[in-house]
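A.B. asks:
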Amino acid sequence: MKMKADSFIPAAKPRLRDVAEKADVSIGTVSRVLNGKADVAEDLAERVLLAARSLGYTRRAPAAQATVQASNDVAVIGYLVDSPNLARVTADPFLQHFLIGIEDGVNRNNGHLLFATCGEEAARGAIPAMVAENRVQGVILKPSPTTSDTWIRKLNELVPVIMLMNSSEDRSIFSVMCDNYAATYQILRYLRELGHRRIAFLSVDDLGQAPSVLHFERMDAYRKYAGSLGCVEDPAYIQVPTRDHGRETLSEVIEKGLKNLLALGKGERPTAVVCATDTYAFALLALAGRYGIEVPRDLSVVGYMNIDTCEHSVPPLTSVSLSGDEVGRVAVNLLYERLQNPSMMVRHVSVGTRLVERLSCAPAPDS
262 MKMKADSFIP AAKPRLRDVA EKADVSIGTV SRVLNGKADV AEDLAERVLL
312 AARSLGYTRR APAAQATVQA SNDVAVIGYL VDSPNLARVT ADPFLQHFLI
362 GIEDGVNRNN GHLLFATCGE EAARGAIPAM VAENRVQGVI LKPSPTTSDT
412 WIRKLNELVP VIMLMNSSED RSIFSVMCDN YAATYQILRY LRELGHRRIA
462 FLSVDDLGQA PSVLHFERMD AYRKYAGSLG CVEDPAYIQV PTRDHGRETL
512 SEVIEKGLKN LLALGKGERP TAVVCATDTY AFALLALAGR YGIEVPRDLS
562 VVGYMNIDTC EHSVPPLTSV SLSGDEVGRV AVNLLYERLQ NPSMMVRHVS
612 VGTRLVERLS CAPAPDS
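In terms of this note's numbering, the sequence shown has 403 at position 142, counting the first letter as 1, and numbering is strictly consecutive.
1. Just to check my reading of the structure: residue 450 and residue 493 have Cβ atoms closer than 8 Å, yes? What is that Cβ distance to the nearest angstrom?
2. Could you pull the start and end residues of the alpha helix (DSSP H) that residue 558 belongs to?
3. At the level of alpha carbons, what is the spacing between residue 499 and residue 479?
4. Helix, strand or coil: how does DSSP classify residue 339 here?
5. Have a look at residue 307 and residue 503 and give me their C-alpha separation to the nearest angstrom.
6. Run through the DSSP bridge pairs and tell me what residue 374 is partnered with.
7. Using CA atoms only, rank isn't needed, just tell me which of 538, 456, 522 and 436 is closest to residue 612.
8. Buried or exposed for residue 373, please, with buried defined as at least 16 other CB atoms from any protein chain shown within 10 angstroms of its CB.
9. Measure the alpha-carbon distance for residue 333 versus residue 600 and round it to whole angstroms.
10. Please state whether DSSP places residue 504 in a helix, a strand or coil.
11. Go through the region 483-539 residue by residue and report every complete run of the beta strand (DSSP E) that reaches 3 residues or more, in order.
12. Quick one: give me the first and last residue of the beta strand (DSSP E) that residue 424 is part of.
13. For the putative contact between residue 541 and residue 568, defined by C-beta atoms under 8 Å, what is the C-beta separation to the nearest angstrom?
14. Taking residue 615 as part of the beta strand (DSSP E), name the residues at either end of that continuous run.
15. Please check the pair residue 366 and residue 585, which I expect to be a contact at CB under 8 Å, by giving their CB distance rounded to whole angstroms.
16. Buried or exposed, going by whether 16 or more other CB atoms sit within 10 Å of the CB of residue 608?
17. Among the candidates 583, 605, 619 and 534, whose CA atom is the shortest distance from the CA of residue 574?
18. Pull up the distance between the alpha-carbon of residue 322 and that of residue 312, whole angstroms please.
19. I'd like the list of long-range same chain contacts for residue 587, defined as Cβ closer than 8 Å, with 5 residues on each side in sequence excluded.
20. How long is the line joining the alpha carbons of residue 384 and residue 408, rounded to whole angstroms?
21. Do you know offhand how far residue 549's Cα is from residue 303's?
22. Using only CA atoms, which one of 508, 470, 610 and 530 lies nearest to residue 432?
23. What whole-angstrom Cβ distance do residue 562 and residue 534 have, given they're in contact under 8 Å?
24. Excluding five sequence neighbours on each side, which residues of the same chain lie with their C-beta closer than 7 Å to the C-beta of residue 544?
25. Under 8 Å between the Cβ atoms of residue 537 and residue 464?
26. DSSP state of residue 402, grouped into three classes?
27. Given a threshold of 16 other Cβ atoms within 10 Å of its Cβ, counted over all protein chains shown, does residue 629 qualify as buried or as exposed?
28. Skipping 5 residues on each side, what residues in its chain have a beta carbon closer than 6 Å to that of residue 593?
29. Per DSSP, residue 480 forms a beta bridge with which residues?
30. Drop a sphere of 10 angstroms on the beta-carbon of residue 552, count the other beta-carbons inside from all chains shown, and report buried for 16 or more, exposed for fewer.
31. Considering only their Cβ atoms, is the gap separating residue 539 from residue 578 smaller than 8 Å?
32. Contact between the region 412-429 and the region 514-530 is defined here as three or more beta-carbon pairs at a separation below 8 Å; is this criterion met?
33. Helix, strand or coil for residue 471 per DSSP?
34. Spatial neighbours of residue 642 within its chain, please: C-beta separation below 6 Å, excluding the five flanking residues on both sides.
35. Taking only three categories from DSSP, how would you classify residue 347?
Spelled out as structure tokens, the structure:
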């Protein structure tokens with residue numbers, strides 16, 4: 262470990278009592294907060310966490326959970342995924358690719374990586390152990406659609422946070438996402454080259470969940486570029502049916518949007534549909550035959566994210582591809598930059614995409 266030239270006398274290791282005195286609370290309150298208990302008022306919990314961090318307090322971990330302590334030259338980076346358990350993370354190809362990229366980025370910077378799920382903590386507003394115990398110098402966070410902005414801001418007050426594939430509502434927290442505007446432009450230009458002018462956009466509004474930033478940007482880009490690329494502009498071409506998770510399947514919700522498009526006059530129906538995600542596109546492909554629609558002869562379909570299933574759908578789905586590995590590496594580099602420049606302005610970084618052409622698109626039937 263490198264030492265600075267200036268000599269110094271190390272301070273005594275802070276204790277629970279020191280944190281309690283600084284936060285002006287009892288030792289019991291400090292213990293409950295640092296153990297993630299939910300029975301402490303929010304303002305008291307924040308005072309305790311800020312006091313613990315300012316004192317450099319680290320809770321002693323059991324031997325089996327020993328943690329790496331960062332030197333002045335080696336950063337310990339945390340990767341938190343708002344998911345109920347590790348099994349769901351390992352089953353999601355994109356989350357795996359994010360982790361691969363993050364790990365690679367940390368290794369390139371000679372750092373250390375701690376990884377954990379935080380679904381339970383996020384749900385009850387508690388601070389994850391790696392942050393509460395001062396184990397990490399910064400966090401890369403992959404939120405879920407239900408992650409509270411208030412909780413993320415609380416986390417960001419304790420350590421620098423980089424949001425992955427999402428951004429806070431007020432854009433106050435650093436983020437790394439795919440370039441949804443460039444991706445949507447790619448899709449629309451490709452469909453126009455195939456002769457399509459009547460191009461619809463299909464998404465879903467999930468009740469009880471914050472609107473997806475990714476889906477919003479894709480729809481906003483559709484609105485922004487459709488007219489300038491020569492597409493027919495019709496409000497009826499934007500379909501965002503509402504889904505009640507407890508009562509409706511995705512197929513039922515996508516079917517509502519499809520019915521609305523088919524209700525248009527025969528000469529007004531879209532000849533192509535841009536779906537906000539691959540999963541919406543798969544649902545549309547599965548429904549098409551039921552309504553006598555042959556894809557791509559009658560209708561071209563495009564999705565976003567190019568998940569593995571795109572190659573095996575019927576027909577194989579044209580989709581925008583994003584390198585999850587690259588997103589992870591970019592997030593790590595941004596976090597290291599933020600650690601080195603604590604006063605830097607908030608940045609939102611976009612990672613480029615590419616369109617993967619498959620058999621779900623064909624020339625417009627009326628071209």
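Glycine residues also receive a C-beta, built at the ideal position from the N, C-alpha and C atoms.
C.D. replies: Here's the rundown:
1. Within the sequence shown, the letter at position 189 stands for residue 450. Within the sequence shown, the letter at position 232 stands for residue 493. That pair is no contact at about 15 Å.
2. Against the sequence shown, residue 558 aligns to sequence position 297. Looking at the DSSP string, residue 558 is not in any alpha helix (DSSP H), and its letter there is neither H nor E.
3. Your numbering for residue 499 matches position 238 in the sequence shown. Your numbering for residue 479 matches position 218 in the sequence shown. Rounded to the nearest angstrom, the gap between the Cα atoms of residue 499 and residue 479 is 11 Å.
4. As a working mapping, residue 339 is identified with position 78 in the sequence shown. Three-state DSSP puts residue 339 in a strand.
5. Against the sequence shown, residue 307 aligns to sequence position 46. Against the sequence shown, residue 503 aligns to sequence position 242. Going by the C-alpha atoms only, they are around 37 Å apart.
6. Numbered from its first residue, the sequence shown carries residue 374 at position 113. In the DSSP output, where bridge partners are listed per residue, residue 374 has 338.
7. Counted from its first residue, the sequence shown places residue 612 at position 351. In terms of CA proximity to residue 612, 436 leads the group 538, 456, 522 and 436.
8. Taking the first residue of the sequence shown as 1, we reach residue 373 at position 112. With 16 or more Cβ atoms within 10 Å of its Cβ, residue 373 is classed as buried.
9. In the sequence shown, residue 333 corresponds to position 72, counting from 1. In the sequence shown, residue 600 corresponds to position 339, counting from 1. Note that residue 333 scores a pLDDT of 47, beneath 50, so its modelled location is shaky; the value from the coordinates is reported in the next line. For residue 333 and residue 600, the distance between alpha carbons rounds to 11 Å.
10. Here residue 504 corresponds to residue number 243 of the sequence shown, with the count starting at 1. Assignment of residue 504 by DSSP, reduced to helix, strand and coil, places it in the strand class.
11. Assignment of beta strand (DSSP E) within the region 483-539, counting only whole runs of 3 or more residues, yields 533-536 in chain order.
12. Here residue 424 refers to the residue found at position 163 of the sequence shown. Segment 422-425, the beta strand (DSSP E) holding residue 424.
13. Taking the first residue of the sequence shown as 1, we reach residue 541 at position 280. Taking the first residue of the sequence shown as 1, we reach residue 568 at position 307. In fact, because the Cβ distance is near 12 Å, the residues do not count as touching under 8 Å.
14. Walking along the sequence shown from the start, residue 615 turns up at place 354. Its beta strand (DSSP E) spans residues 615-617.
15. Counting from 1 along the sequence shown, the entry for residue 366 is found at position 105. Counting from 1 along the sequence shown, the entry for residue 585 is found at position 324. Wrong, their Cβ atoms sit about 12 Å apart, outside the cutoff.
16. Mapped onto the sequence shown, residue 608 falls at position 347. Flag for residue 608 reads exposed.
17. Within the sequence shown, the letter at position 313 stands for residue 574. Of the candidates 583, 605, 619 and 534, the one whose C-alpha sits nearest the C-alpha of residue 574 is 619.
18. Within the sequence shown, the letter at position 61 stands for residue 322. Within the sequence shown, the letter at position 51 stands for residue 312. Note that residue 322 scores a pLDDT of 42, beneath 50, so its modelled location is shaky; the value from the coordinates is reported in the next line. Approximately 19 Å between the Cα atoms of the pair.
19. As a working note, residue 587 is residue 326 in the sequence shown. Once the five neighbours on either side are set aside, the close Cβ partners of residue 587 are 362 and 612.
20. In the sequence shown, residue 384 corresponds to position 123, counting from 1. In the sequence shown, residue 408 corresponds to position 147, counting from 1. C-alpha separation (whole angstroms): 7 Å.
21. For the purposes of this step, residue 549 is taken as residue 288 along the sequence shown, with counting starting at 1. For the purposes of this step, residue 303 is taken as residue 42 along the sequence shown, with counting starting at 1. If I take the Cα positions, the gap works out to 50 Å.
22. Stepping through the sequence shown from its first residue, residue 432 is reached at position 171. It is 610 whose Cα lies nearest to the Cα of residue 432.
23. Translated into the one-based positions of the sequence shown, residue 562 becomes position 301. Translated into the one-based positions of the sequence shown, residue 534 becomes position 273. Taking 8 Å as the upper bound for CB-CB distance, residue 562 and residue 534 are in contact here, some 5 Å apart.
24. In the sequence shown, counting from the first residue as 1, residue 544 sits at position 283. The residues are 511, 512 and 515.
25. One-based indexing of the sequence shown puts residue 537 at position 276. One-based indexing of the sequence shown puts residue 464 at position 203. Result yes, Cβ atoms of residue 537 and residue 464 sit closer than 8 Å.
26. Sequence index remark: in the sequence shown, residue 402 carries index 141 (1-based). In the three-state reduction of the DSSP assignment, residue 402 falls in the strand class, which pools E and B.
27. Since the first residue of the chain shown is 262 and the last is 628, residue 629 is not available in this structure.
28. Position 332 of the sequence shown, counting from 1, holds the residue named residue 593. These residues qualify, in order along the chain: 363, 366 and 367.
29. Here the question's residue 480 lines up with position 219 in the sequence shown. Paired residues: none, contrary to the question.
30. The residue you call residue 552 lines up with position 291 of the sequence shown. Exposed, because fewer than 16 other Cβ atoms sit within 10 Å of the Cβ of residue 552.
31. Residue mapping note: residue 578 aligns to position 317 of the sequence shown, counting from 1. Residue mapping note: residue 539 aligns to position 278 of the sequence shown, counting from 1. A distance below 8 Å separates the beta carbons of residue 578 and residue 539.
32. Counting C-beta pairs with one atom in each stretch, the region 412-429 and the region 514-530 have fewer than three that are closer than 8 Å, which means they do not touch.
33. On the sequence shown, residue 471 is found 210 positions in, with the first residue counted as 1. The DSSP-derived three-state label of residue 471 is coil.
34. Residue 642 lies beyond the range of the chain shown here (262 to 628); nothing can be said about it.
35. Working through the sequence shown from its first residue, we reach residue 347 at position 86. Correct three-state label for residue 347: helix.
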